[in-house]
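Step one of this worksheet: look at the structure below.
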Amino acid sequence: MSPLKRLLADRAASIGAAIIAGLILVAILAPWIAPYPEDVTAFHLSERLQPPSGTHLFGTDRMGSDVFSRILFGARITITIALIAVGVSVAIGVPIGLIAGYYGGFPGGFLMRTSDVFLAVPQIVLAIAIAQTLGPSVENVILALSLTYWPFWARLVYAETRALKSQTFIEAALALGASDWRVMVLHILPNTASAIIVRTSIGMGATILTAAALGFLGLGAPPPTPEWGRTISEAREYLPEAWWYAAAPGLAIFLVVMGFNLLGDGLRDILDPKLRKGRR
Amino acid sequence: MTDASLLAVTDLTVRFPIRGPFARKLGEIKALDGVSFTLQQGEILGLVGESGCGKSTLGKTLMGIQPPTSGSITFEGTEIAGRTPREARALRRRLQYAYQDPGASLDPRWKIGKSLEEPLIIHTKLPRRERMQKVAEILTSVGLPAGHVDLFPHELSGGQQRRVGLARILMLSPEVVILDEPTAGLDVSVQATVLRLFRELRDSFDLTYIFISHDLSVVRLMCHRVAVMYLGRIVEIGPVDELMNSPKHPYTQSLLAAIPKVNGPRVTENFWLEGEPADASNLPPGCRFQGRCPHVQPICRDQDPQDRQVGAQSVACHFAGEVFPPVKPTRQRTPA
Amino acid sequence: MTDPLLTVEGLSLGFRGDGGFAHILDGANMTMNRGEIMGLVGESGCGKTTLASAILGVLPRHALEVRGGQIRFDGLDMLSPDHGAQQQAARGRRVTFIPQDPFTSLNPVFTIGQQIEELMKWKSPRRDAGPSRGPALLSRYPRARRKADRAKVIEMLDLVQLPRPEQLLKKYPHEVSGGQRQRLMIAMALLPDPDLIIADEPTTALDVTIQAQILGLLRNLATDRGVAVMLTTHDLGSAYEICDRITVMYAGQDVEAAPVAEFFNRPTHPYTAKLLESLPEGGGGMTGIPGELPSFYAPPPGCRFQTRCPRATEACRTRPPARFAGPAHVVRCAHPLFDTAPFEEVRA
């Protein structure tokens, strides 16, 4: 069975995949499917804090803007932050883990100790510190998340590389006269790919959660950006009467994070041969 | 050392340091201790000994996977010990290493064809078409259909994987192939097929083998000369028939006697060798076999014996040629 | 002849898995007499370890499917779930086990002494047979018995030629060598005073000089005590060294059983003959057996060796009955290499 078919056979994973596909579609199509696309910036103070109804699916916020439309546009920001932050983390973490794991010794130790320093501080605390120093903006959130997240990939690839390096086929490739570069890129990296994919999927969820937390603390994009975390933060003052105001972005975050985690778990079952054997 | 020798190893030593906390050196394991031998074009040299005797370390040191502590290895007249990886890579083309399970040397994510092509990409500038042609040729010569290039290793049986692993080594037309425990873990009915394959490949590719094994009966079948190793040193080396028929070192004598022989006398009834090999990190002065030797004398506890030529063999024993397997009273088999 | 200690009759079992039903044992038969050393010989995949595990009752239950046959140990049905308590009492006490890998069969976090004491607490021959009061886990280890057991343990460690037994008991498993661990496993197998020891490839992981020592020790101790030993091995040489009788298996079926001299001089089943020809000793070793083991998911009906057998005919598509090729020499082949007589004639 091809990996795709196996993925669709796993119910949890296919639900996760569907949620994520939905999120991406919404992010792309937001200007067309949102009932009030202008509400991202526009406000109608006469319609403040209206409960969910036929005209406003998730009600309106303190400015009278349509919450549903803002959530849809928020998906764009969320996806952008998650993709770039995770992409940069992978781009930094994977080569560092690969080189450190392959060469070991002093350079390997140095790189891994550096990553340990980052791991020693809880990720959210470090991200807050960085975002606070640089000032609130989407770019700075991305930077803060990238800087704090790469050690997870470095650690993972490091461990995988160490394990693979003692495998006979790696030693055989070296004995054949293959260069270090060749062994690293053509033999080791493809064999760590499944672990990286799984980690990336779960990491996306975690990154979205952290990004929302930064937004909640006011360290994300400045208003009136429809960022989900910031929306919850704004909604706090109107709880519990205007419950929809906080519930809608909360639900969005919950769904997306769950989607990535379900997909990640499913991918792990499918791609990791060690676990697959254990399930038999 | 004669000019005809293809590979000459002189006084090769490999030591592994034992480190405690803070990389403090606590001692060292003498994995190889002054190993010397030569290999002639076209011969099969057997390397036998029990686990921990250093035979696999020797194989890996020859290949350059394990750097030697001291000593020299000359291959076709060129020194190859202690070379930089780049230089060694070119030299290593003619010297290949076959793992115990050659199938395990294949990348599980690569198709057979790609794995076989890799040595050519590394070492030659052949265009792709010629490379694929060579792959097909070699695949046929190890007895597999050329269509197998599009399969992944896990789609082949264990025996076929083994053949592919060997084919990969042969891609570069090596002169010397080091076979590391090629029959370990094989059933006797399969073993014969594998041994026959080695013989055929040797004839069709003009190979010289170093045959590392713990199984003396297989070595007797395959090899021209045998080196017996014990705790990092060659204790006896010589032509296979002479060494097997009249072993001179007490360890060789014990090793030969320990092999069960169907329809022969039963060794378990009068086996004389007691104890287990000494700790390789803490060898006593003198002969390394002293703790188990049935003929041990005071001199064996003081001096490590020099290699001596006795008959056709070179033996590292003070009493080579003077000692014979002891005769122990045979325990009567009680019928059940 | 007295009744045998252990009989396996027509045992058919297998495992359900992703690829369907893997039919591992197909009508396997085996007999062990009291006090004899019997070699269960065959190559990988012949089912010898599965058979040993079935006798010990350690096959994974969730996927196991027994399709027929029985195992009787001294009259006790070892497969029927009705005799669970008796089977439990017999296992580890009257039937003990020497594993293939002495490196993983001891718990690394307890000392050797603690592990032997735990064994003796439950399986000592001096333990009362009667039912224990209260939950078994909380039951006491009486001091008098503990002392007697300990003396016995020291004596046994001495017998398996382990130096300084008192100190050895305080060590952890990783502190002793492979050969010593296997001596220890022999001692632990002998301590409960069993009737049968099942030794599963006990010397495969050991060097040849150590193997000679261990095999000799096992044979001497077992014959001195009249303990029967079932030695599973792929090495005909080891079987020749210490066995009185040999049973050969191929792909889950027994093909031939004979006393050791008869076995090596007059192999009657084509598989046995081919196996002996494949031995590297004595000039052979380049013959081998062409072909591969049949798939356990779709084995051929009848004799499973037919796919590789030069003498195979249509008759091999039903399992041949056991026939005698000599005294106590049983073979199951439609085209044996020596003349055979049917079972009934010899009995009559």
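Protein sequence lines correspond, in order, to chains S, L and B.
The first sequence runs 1 to 280 under my numbering.
The second sequence runs 1001 to 1336 under my numbering.
The third sequence runs 2001 to 2348 under my numbering.
From the three backbone atoms N, C-alpha and C, an ideal C-beta is built for every residue, glycine too.
Just so you know, these numbers come straight off a predicted model, no measurement behind them.
- S:Gly59 has a beta carbon lying at 7 Å or more from every beta carbon in chain L.
- Any Cβ of chain B closer than 7 Å to the Cβ of L:Leu1039 would place that residue at the interface, and such an atom is absent.
- Going by DSSP, B:Val2248 is part of the beta strand (DSSP E) stretching over Arg2245 to Tyr2250.
- For L:Leu1006, the uninterrupted beta strand (DSSP E) run begins and ends at Ser1005 to Arg1019, by DSSP.
- When secondary structure is reduced to three states using DSSP, B:Phe2110 falls in the coil class, being assigned neither helix nor strand.
- Listed along the chain, the chain B residues whose CB falls inside 7 Å of the CB of L:Pro1260 are Gly2237, Ser2238, Tyr2240 and Glu2241.
- In the assembly as shown, B:Lys2274 is a buried residue. Its beta-carbon has 16 or more other beta-carbons within 10 Å.
- Under the three-state reduction of DSSP, L:Gln1066 is assigned to coil, being neither helix nor strand.
- DSSP places S:Ile84 in the helix class (H, G or I) of the three-state scheme.
- For B:Thr2232 and B:Ser2105, the gap between their C-alpha atoms comes out near 17 Å.
- The alpha helix (DSSP H) runs of length 4 or more contained entirely in the segment 1178-1243 of chain L are, from start to end of the chain, 1188-1205 and 1216-1222.
- Sorting B:Ser2278, B:Val2330, B:Asp2339 and B:Gly2252 by C-alpha distance to the C-alpha of B:Phe2015 places B:Gly2252 at the top.
- Residue pairing of B:Glu2065 in beta bridges, as defined by DSSP: B:Gly2014.
- The beta carbons of B:Ser2012 and B:Asp2026 sit closer together than 7 Å.
- Its chain contains Thr1183 as the residues whose beta carbon lies nearer than 6 Å to that of L:Val1218, once the 5 sequence neighbours on both sides are disregarded; these appear in chain order.
- For the pair B:Gly2113 and B:Lys2152, the Cα-to-Cα distance works out to about 13 Å.
- The beta-carbon distance between L:Thr1038 and B:Gly2288, rounded to whole angstroms, is 33 Å. This is too long to meet the 8 Å contact definition.
- The way I'd put it, the segment 106-121 of chain S does touch the segment 140-159 of chain S; three or more beta-carbon pairs between them come closer than 8 Å.
- Using a C-beta cut-off of 8 Å, the segment 2142-2161 of chain B makes no contact with the segment 2055-2070 of chain B, since fewer than three inter-stretch Cβ pairs fall below that distance.
- Distance from L:Leu1179 to L:Phe1211 at the Cβ level is roughly 5 Å; contact confirmed, criterion being Cβ atoms closer than 8 Å.
- Taking CB atoms only, B:Met2286 has a neighbour in chain L less than 7 Å away.
- For L:Ala1280, same chain residues with a beta-carbon under 8 Å away, outside a window of 5 residues either side, are Ile1029, Lys1030, Ala1031, Gly1052, Leu1231 and Gly1232 in chain order.
- For B:Leu2276, DSSP assigns no beta-bridge partner whatsoever.
- For L:Val1327, the number of other beta carbons within 10 angstroms of its own is below 16, and it is reported as exposed.
- Listed by position along chain B, the residues whose Cβ is nearer than 8 Å to that of L:Ser1254 are Thr2209.
- For B:Lys2147, the enclosing alpha helix (DSSP H) covers residues Arg2143 to Leu2159.
- Under the 8 Å Cβ criterion, the segment 2189-2197 of chain B counts as touching the segment 2090-2098 of chain B, having at least three qualifying pairs.
- Here the alpha carbon of B:Gln2306 sits roughly 32 Å from the alpha carbon of B:His2062.
- Under the three-pair Cβ rule at 8 Å, the segment 2225-2245 of chain B does not count as touching the segment 2291-2299 of chain B.
- Going by C-alpha positions, B:Pro2336 is about 19 Å away from B:Met2030.
- Counting only runs of at least 3 residues, the segment 2254-2336 of chain B fully encloses the following beta strand (DSSP E) elements, listed from N- to C-terminal order: 2323-2326 and 2329-2331.
- What L:Pro1119 touches in chain S, judged by beta-carbon distance under 7 Å, is Leu176, going in chain order.
- Boundaries around L:Lys1134 are those of the alpha helix (DSSP H), Arg1128 to Ser1141, since no beta strand (DSSP E) includes it.
- Residue environment analysis places S:Leu29 among the exposed positions, since fewer than 16 neighbouring C-beta atoms fall within 10 angstroms of its C-beta.
- The beta carbon of L:Asn1263 sits closer than 7 Å to some beta carbon of chain B.
- At a cut-off of 7 Å between beta carbons, L:Leu1195 makes no contact with chain S.
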